[in-house]
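*Asks:* Provided herewith is a single structure, encoded as structure tokens, for subsequent inquiry.
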């Protein structure tokens with residue numbers, strides 16, 4: 471069984487809640503992730519796009535095998551501005567992405583008193599992020615062509631023991647990977663079980 475991600479607009483404050491886009495609500499000791507980039511002036515670090523944060527208690531009822539954490543918060547970032555129609559210092563085409571282009575972070579406990587929203591703004595202090603969407607979850611088939619957690623990867627390049635952690639499909643909140651395209655974040659089963667969040671691979675298909 472996989473876990474389908476449903477998104478909806480809301481005026482509700484989503485601080486420390488499951489949300490898509492917006493600004494991540496991070497512990498004080500967790501830095502916003504960046505990746506190396508270059509332009510005609512030289513090298514620099516550029517912030518990855520915040521995709522979502524997941525309150526793990528929200529997905530616990532849909533994960534009876536305990537393959538994902540059932541407490542705390544998961545955060546997912548990636549260099550996918552170009553798939554939203556924005557300028558990007560990187561081009562992540564179909565196939566395997568560079569490891570630094572996708573980051574998953576996790577904290578074991580959520581603390582409303584110490585977490586803070588990591589806001590990205592431009593030179594005029596205008597927010598760079600898109601409006602946050604509320605996330606809800608429901609069970610779906612392992613091979614469903616939808617944005618989901620777990621289930622089968624939408625790629626033929628995964629190793630035999632790969633587990634789909636997150637699948638993003640075209641049409642999700644403005645993302646466009648091609649008509650039937652998707653981005654899959656994959657872990658080996660043992661690494662996912664051990665919470666080795668840095669050891670993921672990302673594949674996109676057009």
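Numbering (our numbering), first residue to last: 471 to 676. Think of the CB as a built atom: it goes at the ideal place given N, C-alpha and C, for glycine as much as any other residue. Since this is a predicted model, take the numbers as computed values, not measurements.
When you compare only the Cα positions, how much space is there between residue 642 and residue 491?
*Replies:* Along the chain shown, read from residue 1 onward, the residue named residue 642 stands at position 172. Along the chain shown, read from residue 1 onward, the residue named residue 491 stands at position 21. Each residue's alpha carbon lies about 11 Å from the other.
*Asks:* Going by C-alpha distance, which of 634, 544, 647, 609 is nearest residue 659?
*Replies:* Locating residue 659 in the chain shown gives position 189, where the first residue counts as 1. Closest option to residue 659, Cα to Cα, is 634.
*Asks:* Given a cut-off of 8 Å, decide if residue 518 and residue 644 are closer than it, judged by their beta-carbon atoms.
*Replies:* As a working mapping, residue 644 is identified with position 174 in the chain shown. As a working mapping, residue 518 is identified with position 48 in the chain shown. No; because the gap between Cβ atoms is not below 8 Å, this pair is not in contact.
*Asks:* Which of the three DSSP states is assigned to residue 660 in this structure?
*Replies:* As a first step, residue 660 is located in the chain shown; it is residue number 190 there, counting from the start. Look at residue 660 here: in three-state DSSP terms it is helix.
*Asks:* Please classify residue 589: is it buried, with 16 or more other beta-carbons within 10 angstroms of its beta-carbon, or exposed?
*Replies:* The sequence position of residue 589 within the chain shown is 119, counting from 1. The residue is exposed, with fewer than 16 neighbouring Cβ atoms inside 10 Å.
*Asks:* Report, in whole angstroms, the separation of the C-beta atoms of residue 552 and residue 540, which I expect to be a contact under 8 Å.
*Replies:* Walking along the chain shown from the start, residue 552 turns up at place 82. Walking along the chain shown from the start, residue 540 turns up at place 70. Rounded, the Cβ-Cβ distance is 34 Å, inconsistent with contact.
*Asks:* Count the other CB atoms, across all protein chains shown, that sit within 10 Å of the CB of residue 624; report buried if there are 16 or more and exposed otherwise.
*Replies:* Taking the first residue of the chain shown as 1, we reach residue 624 at position 154. By the neighbour-count rule (16 or more Cβ atoms within 10 Å), residue 624 is buried.
*Asks:* Following the continuous beta strand (DSSP E) through residue 526, name the residue where it begins and the one where it ends.
*Replies:* Here residue 526 refers to the residue found at position 56 when the chain shown is read from its first residue. Unbroken run through residue 526 is the alpha helix (DSSP H), 526-529; no beta strand (DSSP E).
*Asks:* Drop a sphere of 10 angstroms on the beta-carbon of residue 591, count the other beta-carbons inside from all chains shown, and report buried for 16 or more, exposed for fewer.
*Replies:* By 1-based counting over the chain shown, the position of residue 591 is 121. Residue 591 comes out exposed.
*Asks:* Could you say if the region 602-614 and the region 479-493 meet the contact criterion of at least three C-beta pairs nearer than 8 Å?
*Replies:* yes
*Asks:* Quick check: what's the CA-CA separation for residue 513 versus residue 675?
*Replies:* On the chain shown, residue 513 is found 43 positions in, with the first residue counted as 1. On the chain shown, residue 675 is found 205 positions in, with the first residue counted as 1. Going from the Cα of residue 513 to the Cα of residue 675 covers about 29 Å.
*Asks:* Output yes if chain B places a C-beta closer than 8 Å to the C-beta of residue 532; else output no.
*Replies:* Among the protein chains of the structure shown there is no chain B, as only one such chain exists.
*Asks:* Which of the three DSSP states is assigned to residue 515 in this structure?
*Replies:* The residue you call residue 515 lines up with position 45 of the chain shown. Strand at residue 515.
*Asks:* Under a three-way DSSP split, which group does residue 552 fall into?
*Replies:* Here residue 552 refers to the residue found at position 82 of the chain shown. In the structure shown, residue 552 sits in a helix (DSSP, three-state: H, G or I).
*Asks:* Cβ atoms of residue 585 and residue 484: under 8 Å apart, would you say?
*Replies:* Position 14 of the chain shown holds residue 484. Position 115 of the chain shown holds residue 585. The Cβ-Cβ distance between residue 484 and residue 585 does not fall below 8 Å.
*Asks:* Take residue 507 as the anchor and find which of 617, 570, 596 has the nearest alpha-carbon.
*Replies:* On the chain shown, position 37 is the one that residue 507 refers to. Nearest C-alpha to residue 507: 570.
*Asks:* Residue 573 and residue 655 - do their beta-carbons sit closer together than 8 Å?
*Replies:* Residue mapping note: residue 655 aligns to position 185 of the chain shown, counting from 1. Residue mapping note: residue 573 aligns to position 103 of the chain shown, counting from 1. Not closer than 8 Å, so no.
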